[in-house]
Amino acid sequence: MDNPIEEIKNRLDIVEVIGSYIKLQKTGINYRAVCPFHSEKKPSFFVSPSRQIWRCFGCGLGGDVFKFVMEIEGVEFGDALRILAQRAGVELKKNTPEYKKLKSERQNLYQICELATRFFEKQLQESKAGKEARKYLLARGISQDSIKKWRIGYAPDVWQGLSDFLTSKDYKREEIEKAGLALTSEKGSFYDRFRGRIVFPIFDLHSQVIGFGGRVFKEKDKKEIAKYVNTPNTILYNKSRVLYGLNKAKVEIRKKEACVLVEGYTDVILLSQAGFENVVSASGTALTAEQLKILKRYTENLTLAFDMDLAGDSATKRGIELAQALGFNIRVLRLPQGADPADVVSKDPKEWEEILKKGKSILEFYFESTLSKFDKKTPEGKKEISRVLLEVIKRIPNSIEQNFWIQQLARELEVSEEAIIEELKKVKVSKDYFGPEYGLERETDSEKISSPPQKSRKELLEEHLLSLIIKEEGNLKILKEQDLKFFSQKASKVLS
């Protein structure tokens, strides 16, 4: 077949493709789901296997399999074509316009990152210095199988090891620098970004390498240089949109309807090695709206497993509150003093299971954490405790739940509920609390985020008719040809 687009459509079933991203429920001859593109409680997202199309009657989005991948992956048509071609086993030939479109700067950087990964892997397994790095990884409990699975490597402690390798493969210095793998000094010298470090490749959702994290492992280096060096933001890699390990964890997250968020690469790797596959890492950054929106495609249940200072106005605290605003159900794990998830699971996987079972709700954790920091017997302590917790209580959208925590705080501080309510009235929560940098500019009520605009009576009636047709295509025959002119242009496309 000369047309790769049609060949891909013929090979792929839209139900199978969409079902790999979101949960679909069979209803008659079609499938439905909660829309992944806007917040809703009742499913208004439908997929028609016979027509190979999808449509959401809540937000109005719809189209074919290419349109779905473009929307859910946040990519242009060219990248959606590449993703689906790979899935369908369709080769995009060099002489097609589609291939020429894809032979772009992005594709070039993917190739550079892949070659760099192979270079680092080989250095870890075959070089003398790599042997020392491998010994360190094994001592941390990371098995040889996990090293291979996560493609962990080693960057030699020389100025131009990787750069020389890539230039020998005919890549230009500018391209290597754009991939975030090298830098140019003020004097014009060119050198590798990663040197003398264990290197963890960072993958996109389709397991393509888009960046790297480099960690020192020698004791002398730990005192002299930064513990971690990461790829800067590039055309491929944007740290605010990436969750380490999600490419491998997404299926298990959907299956378990829960995700565990940890702090570091080794936490993800060692938990995965022990059989806990629904784990991802924000790689040392505070949670962002982009990361959370990606995660929400798979689950609304989030368990946090890292140290948090909730009493201060920290980025971590704001990230957690953002997750609440986006409608996540959040639980928090209490780890042993000075231990991280990697330490716990390496020592005893059953201990990690017990910690998971004892996870607390975010409100319970706020109370426990704040009450342990201040003396509730003193006026100053009561003031500080109320300062932290009243703002949290103010953000609870459900009145009954809010009242429960008002009573709880009154009991803890040994004051009347009326006093708590009076102080609560004084707490002002800014509508633009999160600001544009957090990806939200609305109030932090999860019901208001991404809510579709109000629709006219005609639009609602049209959507109802379309839903009846999609659910049972025989209904289309009832409509006469002259009736179709009353439908909007968007609806006509669905019916055609």
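The sequence shown begins at 28 in the working numbering and counts up one residue at a time.
Note that the Cβ used here is the ideal one computed from N, Cα and C, for glycine as well.
query = For D294 versus P368, is the C-beta spacing smaller than 8 Å?
reply = Contact: yes.
message = Let me make sure I understand the geometry here. Which of Q79, T54 and S77 has the alpha-carbon closest to that of P70?
response = Distance check between P70 and each of Q79, T54 and S77 places T54 closest, using alpha-carbon atoms only.
key: A352 and V307 closer than 8 Å at C-beta   = Remark: C-beta atoms of A352 and V307 do not approach each other more closely than 8 Å.
N30 in three-state terms, based on DSSP = Coil, per DSSP.
Secondary structure of R242, DSSP reduced to three states = Here R242 carries a strand assignment [DSSP, helix/strand/coil].
Any non-hydrogen atom of the ligand SAH closer than 7 Å to G180 Cβ = The model on display carries no ligand, and the ligand SAH is accordingly not part of it.
inquiry  = I need the DSSP call for F461, collapsed to helix, strand or coil.
reply    = Low confidence applies to F461: its pLDDT is 44, below 50, so where it sits in the model is not reliable, and the reading given next is rough at best. Here F461 carries a coil assignment [DSSP, helix/strand/coil].
request  = Consult DSSP for S75 and reduce its assignment to one of helix, strand or coil.
outcome  = Collapsing the DSSP output to three states places S75 in a strand.
inquiry  = Give me the residue from E290, K94, K205 and T211 with the minimum Cα distance to Y137.
reply    = Comparing Cα-Cα distances from Y137 to each of E290, K94, K205 and T211, the minimum goes to K205.
ask   = So what's L39 in DSSP terms, helix, strand or just coil?
value = Correct three-state label for L39: coil.
query = Would you call the CB atoms of Q434 and E441 closer than 8 Å?
reply = Between Q434 and E441, the C-beta gap is not smaller than 8 Å, which leaves the two residues out of contact.
ask   = Can you tell which of G238, T330, S515 and L51 has the C-alpha that lies nearest to the C-alpha of L142?
value = For the residues G238, T330, S515 and L51, the minimum Cα distance to L142 belongs to G238.
message = For R358, list the residues DSSP reports as bridge partners.
response = As a beta-bridge residue in DSSP terms, R358 pairs with T330 and S388.
request  = For V31, count neighbouring C-beta atoms within 10 Å of its own C-beta (all shown protein chains included) and say buried if the count is 16 or more, exposed if not.
outcome  = The displayed chain sequence assigns Pro, not Val, to residue 31. P31 counts as buried, since no fewer than 16 other beta carbons sit within 10 angstroms of its beta carbon.
key: Residues near E98 in its chain [Cβ-Cβ closer than 7 Å; skip 5 each side]   = So the list reads F64 and L88, once near-sequence residues are dropped.
task = Note down, in chain order, each residue of its chain lying with its Cβ closer than 7 Å to the Cβ of K409, except the 5 sequence neighbours on either side.
result = Hits under 7 Å: K403 and L440.
task = Kindly indicate which residue of W81, P259 and A350 has the alpha-carbon position closest to the one of I203.
result = When C-alpha distances from I203 are compared across W81, P259 and A350, the shortest belongs to P259.
request  = Can you say whether S388 is buried or exposed, counting buried as having 16 or more other CB atoms within 10 angstroms of its CB?
outcome  = Label assigned to S388: exposed.
task = Throw me the rounded Cβ distance for the Q318 and L270 pair, which I believe falls under 8 Å.
result = Contact between Q318 and L270 holds, since their C-beta atoms are separated by about 6 Å, short of 8 Å.
inquiry  = Closest to L398 by C-alpha separation, out of A437, I35 and F431, would be which residue?
reply    = Nearest C-alpha to L398: A437.
message = Give me, in chain order, the residues of the same chain whose beta-carbon lies closer than 6 Å to that of G346; leave out the 5 immediate sequence neighbours on both sides.
response = A313 and L314.
inquiry  = From the DSSP secondary-structure annotation, give me the bridge partner or partners of D219.
reply    = Beta-bridge pairing links D219 to A209.
Continuous beta strand (DSSP E) stretch holding T54: start and end = Counting along the chain, T54 sits inside the beta strand (DSSP E) bounded by residues Q52 to T54.
message = Measuring only the C-alpha atoms, how far is V185 from E391?
response = The alpha-carbon atoms of V185 and E391 are separated by roughly 50 Å.
inquiry  = Classify I321: buried if its beta carbon has 16 or more other beta carbons within 10 angstroms, exposed otherwise.
reply    = With 16 or more neighbouring CB atoms inside 10 Å of its own CB, I321 falls in the buried class.
inquiry  = Per the DSSP calculation, P228 is bridged to which residue(s)?
reply    = Beta-bridge partners of P228 (DSSP): F239.
task = Provide the residue span of the alpha helix (DSSP H) that contains R114, from first to last.
result = For R114, the enclosing alpha helix (DSSP H) has its first and last residue at F104 to A115.
key: Distance, I169 Cα to N257 Cα   = Distance between the alpha carbons of N257 and I169 is about 21 Å.
task = Would you decide whether S234 is buried or exposed? Buried here means 16 or more other CB atoms lie within 10 Å of its CB.
result = Residue environment analysis places S234 among the exposed positions, since fewer than 16 neighbouring C-beta atoms fall within 10 angstroms of its C-beta.
task = For N135, name the three-state secondary structure that DSSP assigns.
result = If DSSP states are grouped into helix, strand and coil, N135 belongs with the helices.
ask   = With DSSP run on the structure shown, which of helix, strand or coil describes L288?
value = The answer is strand: DSSP assigns L288 an E or B state.
Cα-Cα separation, S212 to F147 = Cα to Cα, the separation comes out at about 23 Å.
inquiry  = Determine whether the beta carbon atoms of I139 and Y198 lie at a separation below 8 Å.
reply    = Cβ atoms of I139 and Y198: closer than 8 Å.
message = Just list the residues that DSSP pairs C83 with in beta bridges.
response = Beta-bridge analysis with DSSP links C83 to F72.
query = Are there 16 or more other CB atoms within 10 angstroms of the CB of R200, so buried, or fewer, so exposed?
reply = R200 comes out exposed.
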